[in-house]
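Peer 1: Below are the structure tokens for one structure; questions will follow.
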Amino acid sequence: MYFESDQDALLYKSVTSISTKLSKYLSAQEGNVLYSPLSISLALLLLLNGTSEQAESRDELLAYFSIEGDKCGQLAQLNSVISTSLKEYLSQSVGGTEDKEHTEFIVGNSLWGNHVLPSYADKIQRLFEAEGFPVPKNGKEVNDWIERKTNGHLKQFFEDDKRFSHNSVMLLNSVYFRGTWAKSFDPVHTRSGEFSTGKTQKVQTSMMHSDGKKWEYKETEKYQVLRLPYNEEKFSASIVLPREVLTFQEAESMMTQEEWDFVYLQRSMDREGSVVLPKFDLELSFQLKEGLEQFGVKKVFDRTVSGLNELSALPIEVKEIHHKCRIQVDETGSTASAATAILMVAFCLPPPPFRFECNRPFYFVIHTDRGIPLFVSYIQNPQ
12 MYFESDQDAL
22 LYKSVTSIST
32 KLSKYLSAQE
42 GNVLYSPLSI
52 SLALLLLLNG
62 TSEQAESRDE
72 LLAYFSIEGD
82 KCGQLAQLNS
92 VISTSLKEYL
102 SQSVGGTEDK
112 EHTEFIVGNS
122 LWGNHVLPSY
132 ADKIQRLFEA
142 EGFPVPKNGK
152 EVNDWIERKT
162 NGHLKQFFED
172 DKRFSHNSVM
182 LLNSVYFRGT
192 WAKSFDPVHT
202 RSGEFSTGKT
212 QKVQTSMMHS
222 DGKKWEYKET
232 EKYQVLRLPY
242 NEEKFSASIV
252 LPREVLTFQE
262 AESMMTQEEW
272 DFVYLQRSMD
282 REGSVVLPKF
292 DLELSFQLKE
302 GLEQFGVKKV
312 FDRTVSGLNE
322 LSALPIEVKE
332 IHHKCRIQVD
342 ETGSTASAAT
352 AILMVAFCLP
362 PPPFRFECNR
372 PFYFVIHTDR
382 GIPLFVSYIQ
392 NPQ
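With the numbering used here applied, the sequence shown covers 12 to 394.
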């Protein structure tokens, strides 16, 4: 397998490893599946940077990224690789919203809360341009931020009236992509057609057609692969079509890491052919806490061992991880967006035991539960 640099290899290994784990976690799900490995990876990287060097939670999170070796060195390298790669893709692909032919790729990171160490906030701002905010007033404030970062594509991440406690801390990532096909589909040829949803079930849906063009195509005994490039050559979509009608669980079992390496990394020659592809607009959300615990990430969910000493001076633990994703595919291209929120709670340290010794004059008041004084005394001499 060829990579231009060790950094490229590390980035590919870490993000595809997380993608594989997410697929396994979601494999029992029926129907459509949708998630963003990049958004989840970036949110977890923000969390990873909050762990102390010797914390077991750092070991667990690095293992989730499939990173081994020196913990401090590997985290620094992962930070460098991801921040550098993002800046490269962002700088080459961000276009104005009015430029329909240009590819847009926008990544947003933010930190919400008050119980956060300034050194941590400064670090993730420097590495990942994370914005800082106080505890959100409600879910709408977070939703508005996500909508801005995704050009209005991803809405209602939280309920608008969701409340956050005063000791909440949240790490939030968003990813937005809009790309135009290098070879678009003519809407004139789009028509209704059959799509097999199961062994015997079929539905009618809107199918795009293209004939007489050359496409980058490859195949195995198990599946066919079609690569659809966008106008920005650094981005493309690959469609993996199993030769049989499979559930996601069956497809996930078939697609080993070696198979995905073949899909992502092995290029092929253009071949003339006909393509029929359904239009779709899909939006899904799920909770990720169990998905992390399933693969050994457990310490961050317990404040007594979370090891998030680089993030907050208070004991803090992860309570929830929310993920939501949307993707649209039509004749002109694709639009996709995702957001991942890691919700934490900081716990104030208990105050030291007090000593209350009435060895000097004091008030003694008897009153009702509504504060009505019944008897008031000031004890100057208890004798």
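Note that CB positions come from ideal geometry on N, CA and C, so glycine has one too.
Could you check which residue in Glu-230, Gly-150, Val-251 has the C-alpha nearest to that of Asp-172?
Peer 2: Nearest of Glu-230, Gly-150, Val-251 to Asp-172, Cα basis: Gly-150.
Peer 1: If you pair each beta-carbon of the region 338-350 with each one of the region 374-385, do three or more pairs fall below 8 Å?
Peer 2: Counting Cβ pairs under 8 Å, fewer than three are found: no touch.
Peer 1: On the criterion of 16 or more Cβ atoms from any shown chain inside 10 Å, does Ile-332 qualify as buried, or is it exposed?
Peer 2: So Ile-332 ends up on the buried side.
Peer 1: Inspect the beta-carbon positions of Asn-25 and Ser-77 and report whether they are closer than 9 Å.
Peer 2: At residue 25 the sequence reads Ser, which differs from the Asn that was named. Yes. Within cutoff.
Peer 1: Output the distance between the C-alpha atoms of Ser-16 and Tyr-23, rounded to the nearest integer angstrom.
Peer 2: Looking at the two C-alpha atoms, the distance is approximately 11 Å.
Peer 1: Quick check: what's the CA-CA separation for Gly-107 versus Ile-338?
Peer 2: With a pLDDT of only 48 at Gly-107, under the threshold of 50, the placement of this residue in the model should not be trusted, and no figure is reported.
Peer 1: Between Pro-393 and Val-376, what straight-line distance do the alpha-carbon atoms span, to the nearest angstrom?
Peer 2: The alpha-carbon atoms of Pro-393 and Val-376 are separated by roughly 15 Å.
Peer 1: Going by the beta-carbon positions, is the gap between His-126 and Ala-248 smaller than 9 Å?
Peer 2: Contact: no.
Peer 1: Given this structure, state the Cα-to-Cα distance separating Ala-226 from Ile-135, to the nearest angstrom.
Peer 2: Residue 226 is actually Trp in this sequence, not Ala. Rounded to whole angstroms, Trp-226 to Ile-135 spans 41 Å at the Cα level.
Peer 1: If you compare alpha carbons, which of Val-214, Phe-365, Leu-138, Ile-157 is closest to Pro-147?
Peer 2: Per the Cα distances, Ile-157.
Peer 1: Buried or exposed for Glu-261, going by 16 or more other Cβ atoms inside 10 Å?
Peer 2: The residue is exposed, with fewer than 16 neighbouring Cβ atoms inside 10 Å.
Peer 1: At which residue ranges does the region 332-372 contain complete beta strand (DSSP E) runs of 3 or more residues, listed in the order of the chain?
Peer 2: Entirely contained in the region 332-372, the beta strand (DSSP E) runs reaching 3 residues are, in chain order, 344-357.
Peer 1: In chain order, what residues of the same chain lie with their CB nearer than 6 Å to the CB of Leu-37, ignoring the 5 residues before and after it?
Peer 2: Excluding sequence neighbours, Leu-37 sits near Val-44.
Peer 1: Can you confirm whether Pro-240, when its beta carbon is compared against all beta carbons of chain B, has any partner nearer than 9 Å?
Peer 2: The question asks about chain B, but that chain is absent: this structure has only one protein chain.
Peer 1: Give the straight-line distance between the Cα atoms of Ala-74 and Phe-365, rounded to the nearest whole angstrom.
Peer 2: Looking at the two C-alpha atoms, the distance is approximately 44 Å.
Peer 1: Here's the rule: buried if 16 or more other CB atoms are within 10 angstroms of the residue's CB, otherwise exposed. What is Arg-282?
Peer 2: Exposed: under 16 other Cβ atoms inside 10 Å.
Peer 1: For Phe-358, which option in Glu-270, Asn-178, Lys-330 has the closest C-alpha, if you only look at C-alpha atoms?
Peer 2: It is Asn-178 whose Cα lies nearest to the Cα of Phe-358.
Peer 1: Quick check: the Cα distance between Leu-89 and Pro-198, rounded to an integer number of angstroms?
Peer 2: Each residue's alpha carbon lies about 43 Å from the other.
Peer 1: Look at the alpha carbon of Thr-114 and the alpha carbon of Glu-244, and state the distance between them as a whole number of angstroms.
Peer 2: One C-alpha to the other measures close to 10 Å.
Peer 1: In the DSSP output, which residue or residues are listed as bridge partners for His-200?
Peer 2: Partner(s): none; His-200 has no beta bridge.
Peer 1: What did DSSP end up calling Val-287 once you bin it into helix, strand or coil?
Peer 2: Three-state DSSP puts Val-287 in a strand.
Peer 1: Terminal residues of the continuous beta strand (DSSP E) containing Trp-123?
Peer 2: First-last of the beta strand (DSSP E) with Trp-123: 115-124.
Peer 1: Distance check for Phe-312 and Leu-72, CA to CA, integer angstroms please.
Peer 2: Answer to the nearest angstrom: the Cα atoms are 12 Å apart.
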